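S.K.: Quick one: this structure, given as structure tokens, is what I'll be asking you about.
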């Protein structure tokens, strides 16, 4: 079943904390939208060209819905943007590939509205956090299901976004409905995507970049560190200061742990968040030296920019500070192709039988062909 394939693959893609980010909606469209598109492409034998168009449509819908509703409000109310907005991106992708007309898309969005949700309670729990990884899968599965229902003639209500009980009124405070209908010209939401070099919460990436600056590329002896003070958006202090995570997901969502393990193990290494690190005294000692404060300027810039600053005080009294508004991987500071390939190569080591980079590059170069999606997916069928 394609909706089950989408559930599994989107959850896996979201689970490593290395998926792309649409900053202004604070969501991760790639895991949701691409998993939806590939599942339907394989099931129905759809060529790569239409699949690429459907992926772009999914990014556009998910990003615009998130911008319209207001990601900051959604997070304040305790909802996870990827879970909440993801299904609407999947509806756009699936609807395009299933050939839904305008009325069918309206019904599918209305059906998706009744499935929308995704609590942030996982961020408060040091252990029971795996559900967060499923949030990408829920969006892909539910959005595809809504589109499939609509294709069968099952009706959903109109005005899913701006109705009396629509998404924006249920989950937002100051919705901007203009985001849903504005003319974007030649600037699409897929152009606003940030890529993650570090396997942790996207909010921490500017902080890790700043930490790199104040430690001379992580070369500073950690024994010389007396205190690490971080300034950023309110959400950083309010939701990410768990100091003793006991699950991988909780560790990736903990600012103190992420900074400490970046110093000890390295920021790009996925093994920095494995279970053997949770009781490592050197990491925990550094985590206890991290404090966070709200910064008005960074709060005002959020979520268009995930900025922060780091102020490090050494044992001999020296104070070092670095401010980073846009982290590595954002449209303002894009990752180099070689770095992206290095990231992919690192992920491939997690697989029992992985294709090499040359095979992946060839498959991506030929993705628009009739058998493009099938050739790409076949590379990972035995992994």
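Residue numbers (the working numbering): 57 to 439. Quick reminder that beta carbons are idealized off the backbone N, C-alpha and C, glycines included. Just so you know, these numbers come straight off a predicted model, no measurement behind them.
1) Just the Cα atoms here: how many angstroms apart are residue 427 and residue 94?
2) For residue 149, which residues from the same chain have a beta carbon less than 7 Å from its beta carbon, with the 5 sequence-adjacent residues on both sides left out?
3) Grouping DSSP H, G and I as helix and E and B as strand, with all else coil, what is residue 321?
4) CB residue 251 to CB residue 71, shorter than 7 Å?
5) Less than 7 Å between the beta carbons of residue 312 and residue 280, yes or no?
6) What are the start and end residues of the alpha helix (DSSP H) that includes residue 128?
7) When DSSP builds the beta bridges, which residues end up paired with residue 375?
8) Nearest-angstrom Cα distance between residue 205 and residue 254?
9) Over the uninterrupted beta strand (DSSP E) stretch that includes residue 346, give me the two end residues.
10) May I have the straight-line CA-CA distance separating residue 195 from residue 306, to the nearest angstrom?
11) From 122, 245, 431, pick the residue whose C-alpha is nearest to that of residue 137; which is it?
12) Alpha carbon to alpha carbon, what distance is there between residue 85 and residue 125?
13) I'd like to check one pair, residue 199 with residue 146: are the Cβ atoms closer than 7 Å?
14) Of all the options 170, 437, 381, 397, which has the alpha carbon lying nearest to the alpha carbon of residue 440?
15) For the beta strand (DSSP E) that residue 283 lies in, which residues bound it at each end?
16) Below 8 Å on the Cβ atoms is my guess for residue 363 versus residue 245; work out the distance and round it to an integer in Å.
M.R.: Considering the structure as presented:
1) The count along the chain shown starts at 1 and reaches residue 427 at position 371. The count along the chain shown starts at 1 and reaches residue 94 at position 38. Roughly 12 Å separates the two Cα atoms.
2) Numbered from 1 along the chain shown, position 93 holds the residue referred to as residue 149. Excluding positions up to five away in sequence, the list reads 89, 92, 93, 110, 111, 113, 114.
3) Looking up residue 321 in the chain shown gives position 265. Coil at residue 321, not helix or strand.
4) Along the chain shown, one-based indexing puts residue 251 at 195. Along the chain shown, one-based indexing puts residue 71 at 15. Against a cut-off of 7 Å, the Cβ pair of residue 71 and residue 251 comes out as no contact.
5) Residue 312 sits at position 256 when you count from the first residue of the chain shown. Residue 280 sits at position 224 when you count from the first residue of the chain shown. The answer is no: Cβ separation not under 7 Å.
6) Counting from one through the chain shown, the residue named residue 128 turns up at place 72. Here the alpha helix (DSSP H) through residue 128 covers 127–132.
7) In the chain shown, counting from the first residue as 1, residue 375 sits at position 319. DSSP, once it has assigned bridges, lists 369 as partnering residue 375.
8) For the purposes of this step, residue 205 is identified with residue 149 of the chain shown, where counting begins at 1. For the purposes of this step, residue 254 is identified with residue 198 of the chain shown, where counting begins at 1. Computed Cα separation, rounded: 38 Å.
9) As a working note, residue 346 is residue 290 in the chain shown. Counting along the chain, the beta strand (DSSP E) containing residue 346 begins and ends at 346–350.
10) To locate residue 195, count along the chain shown from 1; it is residue 139. To locate residue 306, count along the chain shown from 1; it is residue 250. About 21 Å.
11) Position 81 of the chain shown, counting from 1, holds the residue named residue 137. For the residues 122, 245, 431, the minimum Cα distance to residue 137 belongs to 122.
12) Taking the first residue of the chain shown as position 1, residue 125 is located at position 69. Taking the first residue of the chain shown as position 1, residue 85 is located at position 29. Approximately 16 Å, taken between the alpha carbons.
13) Taking the chain shown and counting its residues from 1, one reaches residue 146 at position 90. Taking the chain shown and counting its residues from 1, one reaches residue 199 at position 143. Closer than 7 Å, so yes.
14) Look at the range of the chain in this structure, 57 to 439, and you will see that residue 440 is not part of it.
15) The residue you call residue 283 lines up with position 227 of the chain shown. Counting along the chain, the beta strand (DSSP E) containing residue 283 begins and ends at 281–288.
16) Here residue 363 refers to the residue found at position 307 of the chain shown. Here residue 245 refers to the residue found at position 189 of the chain shown. Going by Cβ atoms, the distance from residue 363 to residue 245 rounds to 21 Å, so no, they are not a contact pair.
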